[in-house]
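Numbering-wise (this note's numbering), the sequence shown opens with residue 77 and increments by one.
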Amino acid sequence: MKTKNLVLIALLLGMGTVLSLILAVTFAGMRPDVLLVMMFIAILLFPEKKHVLLTGLLTGILSGLISTFPGGFIPNIIDKLITAFVCLGLVLMLQKLTPIVRAGIISVIGTFVSGIVFLSSALIIVSLPAPFLALFNLVVLPALALNTILIVIVYPIVQSVLKRSNFEPIQRAV
77 MKTKNLVLIA
87 LLLGMGTVLS
97 LILAVTFAGM
107 RPDVLLVMMF
117 IAILLFPEKK
127 HVLLTGLLTG
137 ILSGLISTFP
147 GGFIPNIIDK
157 LITAFVCLGL
167 VLMLQKLTPI
177 VRAGIISVIG
187 TFVSGIVFLS
197 SALIIVSLPA
207 PFLALFNLVV
217 LPALALNTIL
227 IVIVYPIVQS
237 VLKRSNFEPI
247 QRAV
C-alpha cells in the first residue's frame, strides 16, 4: 500500500464523516450517507483487497462513532465490511461500463446491501426501535436515492481533481 493512496482514502473518509455530521442537521433524518458514498469512491479508485479491507473497517468505525442509532457501533462495522467487499465484487463485474454508470450501480446496490446488513445485524445484536420493513422504507430507500444522486455528482469531480493533480488510481482490480 502506498502512502499517497492511504492518505487519499483517509481524506475521502474524513470528508465523508464531516459531511455526514453536517447533513444530519440539514435533512432531518432523510439524509444521504456521505461516508458510505466516500467509501464507494475509495473502492472505485483502489479496488484491491487490502485497500477494501482497510476502507471498510475504517468506514465502519467512523460510522459507528457518529451513528445516532442506539447501539449502532458494532452493526456499522459489520455492515461496512460486508458492503465493502460486495462493492469490490461489483467493481470486478462491472469493469466494462463507463465510470459514472459503474459508480451509480455500485451506489444503488451497495446502499441496499448496507441497509439490509445494518438493520439485520442491529436486529440480532441490539433489537430495532421499529419494524424492519418500516425502517427499510423510511431510512434505507431514501438514502439509496440520495446516495446515488450524490455519487453521480461527486465521483466525476474527484476524478477531475485527481487527473489535474497527476494522481493515478489503481487501474487493475485484484
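Don't be surprised by glycine CBs; every beta carbon is placed ideally from N, CA and C.
Please read all numbers here as calculations on a predicted model, not as lab measurements.
Query, Result
"What's the gap between the Cα of L99 and the Cα of N81?", "27 Å"
"Pull up the distance between the alpha-carbon of M169 and that of P175, whole angstroms please.", "13 Å"
"Using the C-alpha atoms, what's the distance from G140 back to A104?", "Only weak support is given to the placement of A104: the predicted model assigns it a pLDDT of 46, under 50, and the value that follows is read from those uncertain coordinates. Approximately 19 Å, taken between the alpha carbons."
"Compute the beta-carbon to beta-carbon distance between F122 and I85, rounded to the nearest angstrom, for a pair I have assumed lies under 8 Å.", "7 Å"
"Grab me the residues of I182's own chain with a C-beta within less than 6 Å of its C-beta, minus the 5 sequence neighbours each way, in chain order.", "F116, C163 and L166"
"In the DSSP assignment, find the alpha helix (DSSP H) that holds S197 and state where it starts and stops.", "P175 to I201"
"What span of residues does the alpha helix (DSSP H) with D155 cover, start to end?", "F149 to M169"
"May I have the straight-line CA-CA distance separating S190 from A179, to the nearest angstrom?", "16 Å"
"Which word fits L173, buried or exposed, when buried means at least 16 other C-beta atoms lie within 10 angstroms of its C-beta?", "exposed"
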